[in-house]
Amino acid sequence: MNPSTLFSRLLCTWASVATYAALAALVPAAAQACDFKTMHFENNLPRPAQVVISGAQPGQVVLYCTSMSAGCKGMREHLRKIGLEYLDKDIVNDPQACAEFDALGGQGVPLAVFKQRLMHGYYPSSFDRLCQYCTGTAIPPSEPVTPHPSFLRQPLQ
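Here my numbering = 1-based position in the sequence shown + 27.
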(Lines of atoms letter the chains of each structure in order from A and count residues from 1; the text may use other names and numbers.)
(Lines give C-alpha, C1' and ligand atoms only; values in the text may rest on other atoms or scores of the structure.)
Protein backbone atom coordinates (compact mmCIF):
# COMPACT_ATOMS: atom_id res chain seq x y z
CA MET A 1 0.00 0.00 0.00
CA ASN A 2 1.48 3.37 -0.98
CA PRO A 3 1.78 6.19 1.60
CA SER A 4 -0.99 8.29 0.02
CA THR A 5 -3.50 5.43 0.19
CA LEU A 6 -2.54 4.61 3.77
CA PHE A 7 -2.75 8.28 4.74
CA SER A 8 -6.17 8.55 3.09
CA ARG A 9 -7.56 5.54 4.94
CA LEU A 10 -6.18 6.65 8.29
CA LEU A 11 -7.47 10.18 7.84
CA CYS A 12 -10.95 8.95 6.96
CA THR A 13 -10.92 6.69 10.01
CA TRP A 14 -9.60 9.23 12.51
CA ALA A 15 -11.03 12.56 11.43
CA SER A 16 -9.65 14.77 14.17
CA VAL A 17 -7.40 17.76 13.73
CA ALA A 18 -4.81 16.36 16.13
CA THR A 19 -4.65 13.07 14.25
CA TYR A 20 -4.39 14.89 10.92
CA ALA A 21 -1.54 17.00 12.27
CA ALA A 22 0.32 13.94 13.56
CA LEU A 23 -0.18 12.03 10.31
CA ALA A 24 0.85 15.08 8.29
CA ALA A 25 4.07 15.21 10.31
CA LEU A 26 4.74 11.51 9.65
CA VAL A 27 3.89 11.54 5.94
CA PRO A 28 4.20 15.18 4.81
CA ALA A 29 4.30 14.47 1.07
CA ALA A 30 1.05 12.52 1.21
CA ALA A 31 -0.58 15.20 3.34
CA GLN A 32 0.31 17.91 0.85
CA ALA A 33 -0.70 15.82 -2.17
CA CYS A 34 -4.11 14.85 -0.83
CA ASP A 35 -7.12 16.85 0.20
CA PHE A 36 -9.60 14.15 1.05
CA LYS A 37 -12.83 16.00 1.80
CA THR A 38 -13.41 17.99 -1.38
CA MET A 39 -10.79 16.93 -3.88
CA HIS A 40 -13.70 15.47 -5.81
CA PHE A 41 -16.22 17.86 -4.23
CA GLU A 42 -17.65 15.10 -2.01
CA ASN A 43 -18.23 17.69 0.71
CA ASN A 44 -19.38 20.40 -1.70
CA LEU A 45 -23.09 19.76 -1.25
CA PRO A 46 -25.97 21.63 -2.88
CA ARG A 47 -27.81 24.06 -0.65
CA PRO A 48 -31.51 23.23 -0.22
CA ALA A 49 -33.35 25.88 -2.27
CA GLN A 50 -36.24 26.35 0.17
CA VAL A 51 -34.02 27.36 3.12
CA VAL A 52 -33.92 31.11 3.77
CA ILE A 53 -30.84 32.41 5.59
CA SER A 54 -31.66 35.57 7.50
CA GLY A 55 -29.20 38.45 7.44
CA ALA A 56 -26.98 37.11 4.65
CA GLN A 57 -25.79 39.42 1.88
CA PRO A 58 -25.29 38.17 -1.71
CA GLY A 59 -21.87 36.54 -2.10
CA GLN A 60 -21.31 36.44 1.66
CA VAL A 61 -20.18 33.21 3.33
CA VAL A 62 -22.49 32.13 6.16
CA LEU A 63 -20.74 30.21 8.90
CA TYR A 64 -22.75 28.11 11.37
CA CYS A 65 -20.55 27.58 14.41
CA THR A 66 -20.29 27.23 18.16
CA SER A 67 -18.05 29.24 20.45
CA MET A 68 -16.39 26.07 21.81
CA SER A 69 -15.31 24.38 18.57
CA ALA A 70 -11.65 24.47 17.56
CA GLY A 71 -12.69 23.86 13.95
CA CYS A 72 -14.98 26.90 14.06
CA LYS A 73 -12.19 29.03 15.47
CA GLY A 74 -9.85 27.84 12.73
CA MET A 75 -12.42 28.53 10.01
CA ARG A 76 -13.05 32.06 11.32
CA GLU A 77 -9.31 32.78 11.36
CA HIS A 78 -8.92 31.36 7.86
CA LEU A 79 -11.76 33.49 6.48
CA ARG A 80 -10.26 36.61 8.06
CA LYS A 81 -6.83 35.72 6.67
CA ILE A 82 -8.06 35.38 3.09
CA GLY A 83 -10.21 38.51 3.46
CA LEU A 84 -13.59 36.91 2.76
CA GLU A 85 -16.62 38.53 4.37
CA TYR A 86 -18.71 36.14 6.40
CA LEU A 87 -21.77 36.09 8.63
CA ASP A 88 -21.13 34.17 11.85
CA LYS A 89 -24.17 32.35 13.25
CA ASP A 90 -23.94 30.68 16.67
CA ILE A 91 -26.19 27.60 16.64
CA VAL A 92 -26.05 27.23 20.43
CA ASN A 93 -27.14 30.72 21.46
CA ASP A 94 -29.33 31.70 18.48
CA PRO A 95 -32.54 29.65 17.97
CA GLN A 96 -33.01 31.06 14.43
CA ALA A 97 -29.48 30.00 13.47
CA CYS A 98 -30.11 26.55 14.94
CA ALA A 99 -33.32 26.18 12.91
CA GLU A 100 -31.51 27.23 9.72
CA PHE A 101 -28.65 24.82 10.51
CA ASP A 102 -31.12 21.94 10.90
CA ALA A 103 -33.00 22.89 7.72
CA LEU A 104 -29.71 22.89 5.80
CA GLY A 105 -29.00 19.36 7.02
CA GLY A 106 -26.21 20.43 9.35
CA GLN A 107 -24.43 17.46 10.90
CA GLY A 108 -21.51 19.19 12.55
CA VAL A 109 -19.72 22.49 12.86
CA PRO A 110 -18.44 24.46 11.20
CA LEU A 111 -20.96 24.46 8.38
CA ALA A 112 -20.09 27.00 5.69
CA VAL A 113 -22.66 28.11 3.12
CA PHE A 114 -21.10 29.71 0.06
CA LYS A 115 -23.52 30.81 -2.64
CA GLN A 116 -25.51 27.64 -3.34
CA ARG A 117 -23.02 25.18 -1.83
CA LEU A 118 -22.48 23.71 1.65
CA MET A 119 -19.27 22.53 3.26
CA HIS A 120 -19.10 20.66 6.58
CA GLY A 121 -15.90 20.84 8.63
CA TYR A 122 -12.71 22.88 8.68
CA TYR A 123 -10.63 22.10 5.60
CA PRO A 124 -8.88 25.33 4.52
CA SER A 125 -7.49 24.16 1.18
CA SER A 126 -10.81 22.56 0.28
CA PHE A 127 -12.66 25.74 1.16
CA ASP A 128 -10.22 27.72 -0.99
CA ARG A 129 -10.90 25.39 -3.91
CA LEU A 130 -14.63 25.75 -3.41
CA CYS A 131 -14.30 29.56 -3.39
CA GLN A 132 -12.20 29.45 -6.53
CA TYR A 133 -14.69 27.09 -8.19
CA CYS A 134 -17.69 29.28 -7.31
CA THR A 135 -16.12 32.66 -8.10
CA GLY A 136 -13.49 31.88 -10.69
CA THR A 137 -10.93 33.87 -8.69
CA ALA A 138 -7.81 32.55 -7.03
CA ILE A 139 -7.54 32.46 -3.24
CA PRO A 140 -4.04 32.59 -1.68
CA PRO A 141 -2.95 29.03 -0.80
CA SER A 142 -3.51 27.82 2.75
CA GLU A 143 -0.56 27.22 5.01
CA PRO A 144 0.15 23.55 5.72
CA VAL A 145 -1.07 22.15 9.02
CA THR A 146 1.71 22.06 11.59
CA PRO A 147 1.38 19.79 14.60
CA HIS A 148 1.42 21.24 18.08
CA PRO A 149 4.79 20.42 19.71
CA SER A 150 3.27 19.14 22.97
CA PHE A 151 1.13 16.67 21.05
CA LEU A 152 4.20 15.10 19.45
CA ARG A 153 5.92 14.60 22.80
CA GLN A 154 3.21 12.24 24.00
CA PRO A 155 4.18 8.56 23.77
CA LEU A 156 2.34 6.44 21.23
CA GLN A 157 0.16 3.71 22.69
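Every residue, glycine too, gets a C-beta built ideally from N, C-alpha and C. What you are looking at is a predicted structure, and each value in this text was computed from that prediction instead of being measured.
Selection from the options that minimises the alpha carbon distance to residue i
{"i": "alanine 76", "options": "His105, Cys92, Gln143, Arg156", "result": "Gln143"}
{"i": "threonine 162", "options": "Val88, Phe128, Leu138, Ile80", "result": "Val88"}
{"i": "cysteine 99", "options": "Tyr150, Leu157, Gln123", "result": "Tyr150"}
Beta-carbon separation (whole angstroms), residue i vs residue j, contact threshold 8 Å
{"i": "cysteine 92", "j": "aspartate 117", "result": "6 Å"}
6 Å CB neighbourhood of residue i in its chain, flanking five on each side removed
{"i": "leucine 72", "result": "Leu145"}
CA-to-CA distance, residue j to residue i, given in whole angstroms
{"i": "methionine 102", "j": "serine 94", "result": "12 Å"}
{"i": "proline 85", "j": "phenylalanine 141", "result": "10 Å"}
{"i": "isoleucine 80", "j": "glutamine 159", "result": "22 Å"}
{"i": "valine 125", "j": "valine 119", "result": "The question names valine, but residue 125 in the sequence shown is cysteine. Approximately 7 Å between the Cα atoms of the pair."}
{"i": "leucine 90", "j": "arginine 156", "result": "17 Å"}
{"i": "tyrosine 113", "j": "valine 136", "result": "15 Å"}
{"i": "arginine 107", "j": "serine 96", "result": "17 Å"}
{"i": "threonine 164", "j": "glutamine 123", "result": "32 Å"}
Simplified DSSP assignment, three categories, for residue i
{"i": "methionine 102", "result": "helix"}
{"i": "proline 73", "result": "strand"}
{"i": "lysine 142", "result": "coil"}
{"i": "tyrosine 150", "result": "coil"}
Own chain residues within Cβ distance below 8 Å of residue i, not counting five before or after
{"i": "glycine 11", "result": "Residue 11 falls outside the range modelled here, since the chain spans only 28 to 184, and no answer is possible."}
{"i": "aspartate 115", "result": "Leu90, Cys92, Arg103"}
Neighbourhood of residue i by C-beta, 7 Å cutoff - its chain only, sequence neighbours within 5 removed
{"i": "glutamine 134", "result": "His147"}
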